[in-house]
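In our numbering, each residue carries its 1-based index in the sequence shown increased by 706. Ideal Cβ placement from N, Cα and C applies to all residues, glycine included. A short worksheet on the structure shown next.
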Amino acid sequence: YLSGPAWLIYGLIIGGSLLFAVERYLIEKPSAQAPQIVEVKANESIAAALEKAHAGDTVYVGAGTYVGPVHLKNGVDLLARPEHEAVIDGAVTADNVRHVRFEGFHVRGPGGIRIHDSDVALARDEISGAHEAGVTFSGASNGAIVASSIHNNAGGGIVVKDSAAPAIENNVIVSNGVGSGARPVPNTLRPGLSLQTSADPIVTGNSFALNGAEAIWLSEEDDAIVDRNYFNVSGKPDRRPKFRIVVLLESGHEPR
Numbered sequence: 707y708l709s710g711p712a713w714l715i716y717g718l719i720i721g722g723s724l725l726f727a728v729e730r731y732l733i734e735k736p737s738a739q740a741p742q743i744v745e746v747k748a749n750e751s752i753a754a755a756l757e758k759a760h761a762g763d764t765v766y767v768g769a770g771t772y773v774g775p776v777h778l779k780n781g782v783d784l785l786a787r788p789e790h791e792a793v794i795d796g797a798v799t800a801d802n803v804r805h806v807r808f809e810g811f812h813v814r815g816p817g818g819i820r821i822h823d824s825d826v827a828l829a830r831d832e833i834s835g836a837h838e839a840g841v842t843f844s845g846a847s848n849g850a851i852v853a854s855s856i857h858n859n860a861g862g863g864i865v866v867k868d869s870a871a872p873a874i875e876n877n878v879i880v881s882n883g884v885g886s887g888a889r890p891v892p893n894t895l896r897p898g899l900s901l902q903t904s905a906d907p908i909v910t911g912n913s914f915a916l917n918g919a920e921a922i923w924l925s926e927e928d929d930a931i932v933d934r935n936y937f938n939v940s941g942k943p944d945r946r947p948k949f950r951i952v953v954l955l956e957s958g959h960e961p962r
């Protein structure tokens, strides 16, 4: 984990990104009834609240620790209020859902966040402790991940695969992909961001540092991606290679 001053620096980066218009990734949701607000308090169930909610509704989650998994629901926004004080212990998943915003949570534990064939905007979240990638976008997913902190995930920071094309902007992506042991095997090290998608997602304004492998893995060369992002270690430039061209085997796990 990074020291307090280092987290302060990265926090300032996230703070500056709050000016970024997250809402431009969100499309107005069609709804057959007036939108409702559903509130979840500590010791209550997020899953039960989502079950009651309808497309167009917003679920506000209060401070506390909540047991996952949490399955996002079509057309329902899930927001932590106050931000960063609601912790989800377990995976967060989205499968074939649209028009969803997931904002202000700390998602911790082995499952991470898994977005498949969905249009979800992840904003101002913290994701840590995943055994594989902290966040995975797969299938034909769109949406975005912005102004978030992705750190200390054993299997890498963010993975984008298949034909997924989320916008990845103004995130802090640090200390991922180093495995869980004291002396990880070199071929198990993973990057901060792995782009193994046939699409061309926007990747800009992110800060990478101290990830196990290179900051970014790409399926083909893209020098411009270096110019659009930041590579620092405790405020000093990271002199290691910024990216690596990687072809994944069919299993999707081992590079060659």
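May I have a chain-ordered list of the alpha helix (DSSP H) segments no shorter than 4 residues that lie completely inside the segment 723 to 810? 752 to 758
For G861 and V880, what's the separation of their Cα atoms in angstroms? 12 Å
Stretch pair the segment 815 to 822 + the segment 782 to 793: three plus CB contacts closer than 8 Å: no
Is it right to say R814 is buried, meaning 16 or more other beta carbons lie within 10 angstroms of its own, or is it exposed? buried
In angstroms, rounded to a whole number, what distance separates the CA positions of V744 and T764? 6 Å
What's the C-alpha gap between H777 and P816? 16 Å
Using DSSP with H/G/I as helix, E/B as strand and the rest coil, what is N938? strand
Start-end ranges of the beta strand (DSSP E) lying completely within the segment 876 to 904, minimum 3 residues: 878 to 880 and 899 to 903
Note down the Cα distance separating S904 from S869, rounded to an integer number of angstroms. 5 Å
Rounded to the nearest angstrom, what separates A873 and V891 at their Cα positions? 31 Å
In three-state terms, what does DSSP make of I908? coil
Contact under 8 Å by Cβ, R950 with W923: yes
Buried or exposed by the 16-neighbour rule on C-beta atoms within 10 Å, applied to D825: buried
Assigned exposure category for H805 - 16 Cβ within 10 Å defines buried: buried
Just how far apart, CA to CA, sit T842 and A769? 26 Å
Return the chain-ordered list of same chain residues with a C-beta closer than 6 Å to the C-beta of E838, the five sequence neighbours on each side being excluded. G861
Whole-angstrom distance between N938 and A755, CA atom to CA atom: 41 Å
Taking Y766 as the reference, give the member of A786, S900 and E809 with the closest Cα. A786
Whole-angstrom distance between K779 and T910, CA atom to CA atom: 28 Å
DSSP three-state assignment for D929, whether helix, strand or coil: coil
At the level of alpha carbons, what is the spacing between G774 and F914? 28 Å
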